[in-house]
Structures are given as C-alpha cells and as structure tokens.
Amino acid sequence: MTNSINKAVIPAAGLGTRFLPATKAQPKEMLPIVDKPTIQYVVEEAVGSGLEDILIITGRGKRAVEDHFDKAFEMEHFLRSKGKASELELIENITRLARLHYIRQGEPLGLGHAVSVAEDHVGSEPFVVLLGDDISDPASSATKAMVAAYREYGTSILAVQPVAESEVSRYGIVAGEDNGNGVIRVTNLIEKPPVDEAPSNLAIIGRYLLTPGVFKCLKETKPDHKGEIQLTDALRLLLKEEKMHAVLYQGRRWDVGQVEGFLTASIDWAMKRPELKKHLLMYMRQVLEDNL
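Under our numbering, the residues of the sequence shown are numbered 8 to 299, in order.
Here it is in structure tokens:
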C-alpha cells in the first residue's frame, strides 16, 4: 500500500435541519464562520495537510457549494474594474485551492453510505474523510496528525478527543491501548453508545484516514434502525481484518454541527482577526454588564 496520501473526501449531503430556517434554501456547509463558508475551512485544512485531490459528496440543493469554488466571472470583472485588488485576489484564490470533484450521494442513507460512493474516485489508495461538522485550528491540524501517524503505522487512523459524559452518545466512541506517544491502538468502536455502555469517552472528531479495505466493509455493513449505514459500524468490521490506530488530538476544535458550537466558533474565529477583536471585546463587555 502506498505511503503517500493525496486524496480527501468531504461528505456534504446532509440537510442541516438543526439550522432551519437558515438551511431551507442554502446548504449548511455554506453557513459562514465570520465571513468564510464552513466548508472552506475544511477544504483549507485538507490542502494544508498535503491533500490536493478533493471529492465533495453532495446532494440535491447543494449547487451553491460547487459555485463557491468555481470561477465567478462577473464578480471578478466587477472587482477588477473597481481596482479592488485585495478582494479580487481573495476570490481568485478560492478557485486555486485544490483539484475539486463532486458526486451526489443520491439518497441520505448515512455517513457510511456517503463514503461508499467515493470508491470509484479513491480506488486502491488510502484517503482522508473530513466532516464539515468539525473544524480544527490550522496551527494544530487534526488531519496533519493523522497523516504523520499513517506514515509511521501504515494503518487506518482516527482522530479522537475526550468529551464530557453528556456528549458521549453523540459520537462514535473508541476504546484502545495507549502507546504512550499520543497514539492509541484501537480495540473497539461503538457508534453513539449510551454513556453507561461506552467503553471510554474518546470520541471520533470527524476526521478519518482510511485504507481502501473500508469499502468492502461498507458493503457488508447492515443499515441501523433508521435505515442508515454508519461508518463506525463498517470500521468495526475493518478492525477485525486490519490493525487500526487513533491519534489523541491535542488542539482546539469546534463542533459546528450544533448551534452552540457554531456560535462559539464564530466568536473564536472573529477574535483571531485584529480588525474585529477590539470591537467584539467592547461589545461582549457591554453584553455581560447588561445581563449580569
């Protein structure tokens, strides 16, 4: 198996019902964190980790995602004619990020099914799956950590992080043996277990580096009670055939699939911007004074 990782898969076919009515007519992946669509943060993480061939799994009503990464001739002409060089460079750079491809999932049959439709594109190469519900700090990329671990171990690699007991039932949970270097030898995986049945509090945080053997396991995975094929269930089958490791992610991440996480991410990323930080701090102080 090749030691090089070049391909990424970003599932983006979900309906985003937690964000209704905002997502009634626009994809949840296009909701902005400050002034950049959520999915662009994910694409930039992939590119920053050396993944330049990116397949986005879309669905009905997701055309805006494709348009965002495409050329915008009218906008570019307008900005050029007005001498707005910095804004022009900003949108031109989006089209140069990576080699982007798109395929529709067809039916919303779960994350595992979404990953399975990438098989023809991925072929026999290892690849990274990045979910748009989680974004991580570029200074400590979860994807970079997985790629580094793969080069050492040559197995599927999951990114995990401890979560509170109240959140365990929202995630795929990993059990394993700590190698002592931030890498865990995975021994079990359970999809969204009740907290009293969870083997640990180590949650998969929406980043997976997978060997192509996962596609065979996805074909063998039975749908759950909702009729969906879960990726965690397929990974449990893969674990019976191949070794698997997880990296304990030490950086900051935001679960933007939840409204609370989305709001937190918006504030935190705004605070990274010097031109916004001063105003935001002044406003938050006033809000605290008015509400305490």
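For each residue, glycine too, the CB sits at the ideal point set by N, CA and C.
*Are there 16 or more other CB atoms within 10 angstroms of the CB of ALA171, so buried, or fewer, so exposed?*
exposed
*Which residues bound the alpha helix (DSSP H) around LYS151?*
149-160
*asked:* Do ALA19 and GLY139 count as a contact pair if the criterion is CB distance below 8 angstroms?
replied: yes
*SER273 vs ILE40 beta-carbon contact at 8 angstroms*: yes
_Let me confirm a value: SER131 is counted as buried when at least 16 other C-beta atoms fall within 10 Å, else exposed. Which label applies?_
exposed
*Where does GLY189 land, buried or exposed, given buried means 16+ other C-beta within 10 angstroms?*
exposed
*Give the secondary structure of TYR109 by DSSP, where H, G and I count as helix, E and B as strand, and everything else as coil.*
strand
_Using the three-state DSSP reduction, which class does GLN4 fall into: helix, strand or coil?_
Because the chain is modelled from 8 through 299, residue 4 falls outside the range shown and cannot be assessed.
_Helix, strand or coil for GLN33? Go by DSSP, reduced to three states._
coil
*Under the assumption that ILE142 contacts ARG214 (Cβ atoms under 8 angstroms), give the Cβ distance between them as a whole number of angstroms.*
About 10 angstroms; that fails the 8 angstroms criterion.
*Assign GLN293 to one of three DSSP states: helix, strand, or coil.*
helix
*Within its chain, find whatever has a CB closer than 7 angstroms to the CB of ASP77; leave out the 5 residues flanking it on each side and keep chain order.*
THR102
*Could you check how far apart the C-beta atoms of SER148 and GLY55 are, in whole angstroms? I think they sit under 8 angstroms.*
6 angstroms
*Cα-Cα separation between ALA156 and LEU288, rounded to whole angstroms*: 39 angstroms
*For LYS199, which option in PRO115, ALA71 and GLN237 has the closest C-alpha, if you only look at C-alpha atoms?*
GLN237
*If we ignore side chains and look at the alpha-carbon of each, how far apart do ASN100 and GLU73 end up?*
15 angstroms
_On the CB-based measure, 16 or more other CB atoms within 10 Å of its CB, does GLN47 come out buried or exposed?_
buried
*Counting Cβ pairs closer than 8 angstroms, one from the stretch 158-166 and one from the stretch 250-268, do we hit at least three?*
yes
*For TYR48, does the three-state DSSP call read helix, strand or coil?*
helix
*What did DSSP end up calling SER207 once you bin it into helix, strand or coil?*
coil
_Beta-bridge pairing of ASN195 - partner residues as DSSP gives them_ = ALA182
*For GLU126, collect the residues of the same chain with a Cβ closer than 6 angstroms to its Cβ; drop the 5 residues on either side in sequence, then sort them by chain order.*
PHE222
*Rounded to a whole number of angstroms, what is the C-alpha to C-alpha distance between GLU174 and ASP275?*
21 angstroms
_Minimum C-alpha distance to GLU267 - residue among ASN13, GLY21 and ARG25_ = ARG25
*Going by the CB atoms, is the gap between GLY66 and GLN33 shorter than 8 angstroms?*
no
_Under DSSP, the alpha helix (DSSP H) around LYS226 begins and ends at which residues?_
221-227
_Counting C-beta neighbours from all protein chains within 10 Å, is the total for TYR290 16 or more, i.e. buried, or is it exposed?_
exposed
*Under 8 angstroms, do ALA15 and LEU58 count as touching if we go by C-beta distance?*
yes
*Please report the residue range of the alpha helix (DSSP H) in which LEU165 lies.*
First-last for LEU165: 163-169, but that is the beta strand (DSSP E), not the alpha helix (DSSP H).
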